[in-house]
Amino acid sequence: MRLTELAAMRQALTLAALRTGATSPNPPVGCVILDPSGEVLAAGFHGRKGEPHAEVNALRAAGARAHGATAVVTLEPCCHVGVTPACHQALIDAGVARVVVALEDPTSRGQGGIALLRQAGIDVVVGTGEQEAELLLHPWLHSLAEGRPYLIWAAGTDSRSSERLREFAAPQVDIVVDHGEVTEAIPGRHHPDVLRTPAEPLPNTPDEAIAVLSSTGARRVLILGGEADPAVASLVTGGWIDRILTHTRDLATPSLDGRTAGIIDLPAGWMLTGLHPVGDGVIADHRPEGLSTTAAQELR
Ligand SMILES: [Zn+2]
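For the sequence shown, the numbering used here assigns the number 285 to the last residue and increments by one with no breaks.
Pasting the structure below:
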């Protein structure tokens, strides 16, 4: 199949999204290798921290055909030597002729993989599908910029709506906080050494809670609970929440009381940014006003 580089980038972003909530503290990354006519040779994604990066997986699948090919990668190739060589070096060693990148790694400060690939004489294009890449990477970038995980509050008004919100959001996050208890969102999804979930309940004071959540290694956190939960309320009023989800049940009746309707008192400055019909109702998505349209519509 032949793809344009932009179409290949969209495919790489989609592959990367398969492991949203599994790669932390690393970002989800995807890579598609094209021959000079645009024919797809191979693709790969980063499974989880401690396993080969997307570029390495794609290059392995392409084998010798990677020579002279174009690698389309969602994020700037790394300089980190871990279980596999640094990705920029793997691309150079494979004889790739061109590398197309959506977003620069903000930690590279111009000294990263892009600069080294160019020094090696590889044609590097940066910014292909950049806005679309933020659909995938906004929470990771936000976590890097803020020095703490991206916090999603699932504002369940009863146990059933909390359950639906958890089902919906668990694949998007690393850990879940439920009544103060911190657990891996989907058990066994991360490498066993990556997450450090505390045995003690999350402290009720927001600063301490944020410090504990940051120390877990998570980039995305789902917090379950209603406004009556003091720990939740303190994070909300303290301005630490980045996204709010509510669930409204379909009871096939024209009049719903406030609880079943999933109504919460949104903090000032928040807006509705998405409506997701689910099996037995609708999940409403809210974010602070003033985010760019793309950031507001980040991956579900
Ligand atoms: Zn890498």
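We put the beta carbon where it would ideally sit given N, CA and C, even for glycine.
These numbers were taken from a predicted model, which means no experiment stands behind them.
**OP:** Closer than 8 Å by C-beta to residue 257: which residues in its own chain qualify, once you throw out the five before and the five after it? Chain order, please.
**Re:** Translated into the one-based positions of the sequence shown, residue 257 becomes position 272. The residues are 269, 270, 271.
Original post:
For ligand 1, is there a heavy atom less than 7 Å away from the beta-carbon of residue 134?
Top reply: As a first step, residue 134 must be located in the sequence shown, where it is residue number 149. Flag unset: Cβ of residue 134 not near ligand 1.
**OP:** Give the DSSP bridge partners of residue 55, in chain order.
**Re:** Taking the first residue of the sequence shown as 1, we reach residue 55 at position 70. According to DSSP, which records beta bridges pairwise, residue 55 is partnered with 19, 83.
Subject >> Counted within 10 angstroms of its Cβ, other Cβ atoms place residue 52 as buried (16 or more) or exposed >> reply: Taking the sequence shown and counting its residues from 1, one reaches residue 52 at position 67. The residue is exposed, with fewer than 16 neighbouring Cβ atoms inside 10 Å.
**OP:** Could you tell me if the beta carbon of residue 40 falls within a distance shorter than 7 Å of some heavy atom in ligand 1?
**Re:** What you label residue 40 is simply residue 55 of the sequence shown in a count that begins at 1. Residue 40 Cβ: within cutoff of ligand 1.
Subject >> Same chain, Cβ closer than 7 Å to residue 180, five either side skipped, listed in chain order >> reply: Here residue 180 refers to the residue found at position 195 when the sequence shown is read from its first residue. Correct list, in chain order: 159, 160, 169, 201, 202, 203.
Original post:
Quick one: what does DSSP say residue 256 is sitting in, helix, strand or coil?
Top reply: Taking the sequence shown and counting its residues from 1, the one referred to as residue 256 is at position 271. Strand at residue 256.
Original post:
For the beta strand (DSSP E) that contains residue 26, what are its first and last residues?
Top reply: Along the sequence shown, read from residue 1 onward, the residue named residue 26 stands at position 41. Unbroken beta strand (DSSP E) run through residue 26: 25 to 30.
Original post:
Applying the criterion that 16 or more other CB atoms from any shown protein chain within 10 Å of the CB defines a buried residue, is residue 260 buried or exposed?
Top reply: For the purposes of this step, residue 260 is identified with residue 275 of the sequence shown, where counting begins at 1. When all chains shown are included, residue 260 counts as exposed.
**OP:** Just the C-alpha distance for residue 186 and residue 167, rounded to the nearest angstrom, thanks.
**Re:** In the sequence shown, the residue the question calls residue 186 occupies position 201. In the sequence shown, the residue the question calls residue 167 occupies position 182. Answer to the nearest angstrom: the Cα atoms are 7 Å apart.
Original post:
Are there 16 or more other CB atoms within 10 angstroms of the CB of residue 143, so buried, or fewer, so exposed?
Top reply: Walking along the sequence shown from the start, residue 143 turns up at place 158. Residue 143 comes out exposed.
Subject >> the region 97 to 107 touching the region 57 to 69, judged by at least three CB pairs closer than 8 Å >> reply: yes
Original post:
Which partner residues of residue 168 appear in the DSSP bridge assignment?
Top reply: Position 183 of the sequence shown, counting from 1, holds the residue named residue 168. DSSP lists 161 as partners of residue 168.
Subject >> Separation of residue 21 from residue 146, as counted between CA atoms >> reply: The residue given as residue 146 occupies position 161 in the sequence shown. The residue given as residue 21 occupies position 36 in the sequence shown. Cα-Cα distance, rounded: 50 Å.
Original post:
When the Cα atoms are used, what is the spatial distance from residue 139 to residue 209?
Top reply: As a position in the sequence shown, residue 139 is number 154, starting the count at 1. As a position in the sequence shown, residue 209 is number 224, starting the count at 1. One C-alpha to the other measures close to 5 Å.
Original post:
Shortest alpha-carbon distance to residue 115 belongs to which of -12, 96, 248, -7?
Top reply: In the sequence shown, residue 115 corresponds to position 130, counting from 1. That would be -7, whose Cα lies nearest to the Cα of residue 115.
Original post:
So the beta strand (DSSP E) residue 203 belongs to, where does it begin and stop?
Top reply: Residue numbering aside, residue 203 sits at position 218 when the sequence shown is read from its first letter. No beta strand (DSSP E) contains residue 203, which DSSP labels as neither H nor E.
Original post:
Whose CA, out of 219, 195, 56, lies closest to the CA of residue 134?
Top reply: Locating residue 134 in the sequence shown gives position 149, counting from the first residue. Nearest of 219, 195, 56 to residue 134, Cα basis: 195.
**OP:** Tell me whether residue 175 is buried or exposed, calling it buried when 16 or more other Cβ atoms sit within 10 Å of its Cβ.
**Re:** Here residue 175 corresponds to residue number 190 of the sequence shown, with the count starting at 1. Its Cβ being crowded by 16 or more others within 10 Å, residue 175 is buried.
**OP:** Give the single residue among 205, 189, 153 whose Cα lies nearest to the Cα of residue 262.
**Re:** Your numbering for residue 262 matches position 277 in the sequence shown. With distances taken between Cα atoms, residue 262 lies closest to 153.
Subject >> Euclidean distance between Cα positions of residue 10 and residue 84 >> reply: Taking the sequence shown and counting its residues from 1, the one referred to as residue 10 is at position 25. Taking the sequence shown and counting its residues from 1, the one referred to as residue 84 is at position 99. Roughly 24 Å between the two C-alpha positions.
Subject >> Inter-residue Cα distance where the pair is residue 149 and residue 6 >> reply: The residue given as residue 149 occupies position 164 in the sequence shown. The residue given as residue 6 occupies position 21 in the sequence shown. Answer to the nearest angstrom: the Cα atoms are 18 Å apart.
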